[in-house]
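Engineer:
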Amino acid sequence: MTGGWHADGDEAPRVVDWDAAGYARLSTPQQSWARDVLARLHLRGDETVVDLGCGAGLVTEQLAALVPRGRVVAVDVSAAMVRATRARLGDRAEVVRADLHEFTWPEPADVLVSTATLHWVPDHARLWRHLRGLLRPGGVLAVQYGGAGNIPGVEEAMAELAGREPFAAHLAPFRSPWTFDAVETARREVATAGFTDVRVWSERRPARPPDVPAFLATSVAVTELDRLPEELRDRYTAALFAALGAPEELGYVRLDVDARAG
């Protein structure tokens, strides 16, 4: 589920860690969307399945139940999420800390699954090519991530806050941490990467988390909060909530991709 990195000036990209406990507690919308992805897998129960961006392991746990005679590999770049998944799954999954662009496995997978993650990962054209190499011929790719139009106004609000004191000294210039693909972009890049039977669609999935500011802090503004000193983080979250109009609902857009390795 997670990714996220940033570079400050000429510094090398730095991995952003996550609040695994907070995410597990507040990610009800993401878990609901993930169930839709799992429902379309039609697994036999003996497959090797890789969960790309496993987060706190909530989806990984469901995958493990679907392949009782198979193998589940869970991957995340966040050390906190990897620890949480290992604690949740024990020996029911092999958990690996890795950047998705660099993750490798000694044998081809039957299924690659990813939910609420790939918009945090840069360079999707290169990513699709790498993922194709992880699958056996005919293997299944089933992913869902943020699509074009996700949370209207959030990037504009974050850019505005990045230029406002006391945040500007830490956040300017604003660099979006996300890649929200359009349907046609994803369809073209996935097909070019060597996948067949490519299906890509987008749908609006509004979310109404019970505590919107806390949700913003644990699921949306992660990279910005990581760059701020502790004493400014609550203030930034409140300012972002206000800049978005103190919404009760967040306008999520999900981009779904189903394909097979050619």
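Under our numbering, the final residue of the sequence shown carries the number 1267; numbering is consecutive throughout.
Glycine residues also receive a C-beta, built at the ideal position from the N, C-alpha and C atoms.
Please report the straight-line C-alpha distance between alanine 1029 and leucine 1063, rounded to a whole angstrom.
Structural biologist: Distance between the alpha carbons of alanine 1029 and leucine 1063 is about 7 Å.
Engineer: According to DSSP, phenylalanine 1185 sits in a beta bridge with which residue or residues?
Structural biologist: None; phenylalanine 1185 has no bridge partner.
Engineer: If I follow the unbroken alpha helix (DSSP H) through threonine 1228, where does it start and stop?
Structural biologist: 1227-1232
Engineer: On the CB-based measure, 16 or more other CB atoms within 10 Å of its CB, does glutamate 1194 come out buried or exposed?
Structural biologist: buried
Engineer: Decide if aspartate 1013 is buried, meaning its Cβ has at least 16 other Cβ atoms within 10 Å, or exposed.
Structural biologist: Only weak support is given to the placement of aspartate 1013: the predicted model assigns it a pLDDT of 40, under 50, and the question is left unresolved by the model.
Engineer: What runs of the alpha helix (DSSP H), each 4 residues or longer, lie entirely inside the stretch 1101-1141?
Structural biologist: 1129-1139
Engineer: Please go through the stretch 1191-1219 and give each complete beta strand (DSSP E) segment of 3 or more residues, from N-terminal end onward.
Structural biologist: You should have 1200-1209.
Engineer: Note down, in chain order, each residue of its chain lying with its Cβ closer than 8 Å to the Cβ of alanine 1162, except the 5 sequence neighbours on either side.
Structural biologist: Excluding sequence neighbours, alanine 1162 sits near Leu1245, Ala1248, Leu1249.
Engineer: Following the continuous alpha helix (DSSP H) through threonine 1090, name the residue where it begins and the one where it ends.
Structural biologist: Going by DSSP, threonine 1090 is part of the alpha helix (DSSP H) stretching over 1084-1094.
Engineer: Starting from the Cα of leucine 1071, find the closest Cα among Thr1201, Val1042, Phe1220 and give me that residue.
Structural biologist: Closest option to leucine 1071, Cα to Cα, is Val1042.
Engineer: By the DSSP assignment, the beta strand (DSSP E) with valine 1021 in it spans what residues?
Structural biologist: Unbroken run through valine 1021: none, as it is neither H nor E.
Engineer: Output the distance between the C-alpha atoms of valine 1145 and glutamate 1208, rounded to the nearest integer angstrom.
Structural biologist: 21 Å
Engineer: Would you mind giving the Cβ-Cβ distance between leucine 1031 and serine 1224, rounded to the nearest angstrom? I have them listed as a contact below 8 Å.
Structural biologist: 7 Å
Engineer: State yes or no: is the C-beta of valine 1054 within less than 9 Å of the C-beta of valine 1118?
Structural biologist: yes
Engineer: Decide if serine 1083 is buried, meaning its Cβ has at least 16 other Cβ atoms within 10 Å, or exposed.
Structural biologist: buried
Engineer: The alpha helix (DSSP H) spanning alanine 1222 covers which residue range?
Structural biologist: No alpha helix (DSSP H) holds alanine 1222; DSSP gives it neither H nor E.
Engineer: Should alanine 1017 be labelled buried (16 or more other beta-carbon atoms within 10 Å of its own) or exposed?
Structural biologist: For alanine 1017, the predicted model reports a pLDDT of 39, less than 50, meaning its position is unreliable and no value from the coordinates is stated.
Engineer: Could you check if aspartate 1261 is buried or exposed, using at least 16 other CB atoms within 10 Å of its CB as the buried criterion?
Structural biologist: buried
Engineer: Apply the 10 Å Cβ neighbour rule to tryptophan 1183 and answer buried if 16 or more other Cβ atoms are within range, or exposed otherwise.
Structural biologist: buried
Engineer: Within a Cβ cutoff of 6 Å, which residues of the same chain sit near aspartate 1051, ignoring the five residues on either side of it in sequence?
Structural biologist: Arg1074, Gly1075
Engineer: Quick one: residues in its chain with C-beta nearer than 8 Å to the C-beta of glutamine 1067, no 5 flanking neighbours on either side, listed in chain order?
Structural biologist: Ala1039, Arg1040, Leu1043
Engineer: Identify, in the order they occur along the chain, each residue of the same chain with its Cβ nearer than 6 Å to the Cβ of arginine 1204, setting aside the five sequence neighbours on each side.
Structural biologist: Asp1263
Engineer: Tell me which residue opens and which closes the alpha helix (DSSP H) that aspartate 1239 is part of.
Structural biologist: 1235-1248
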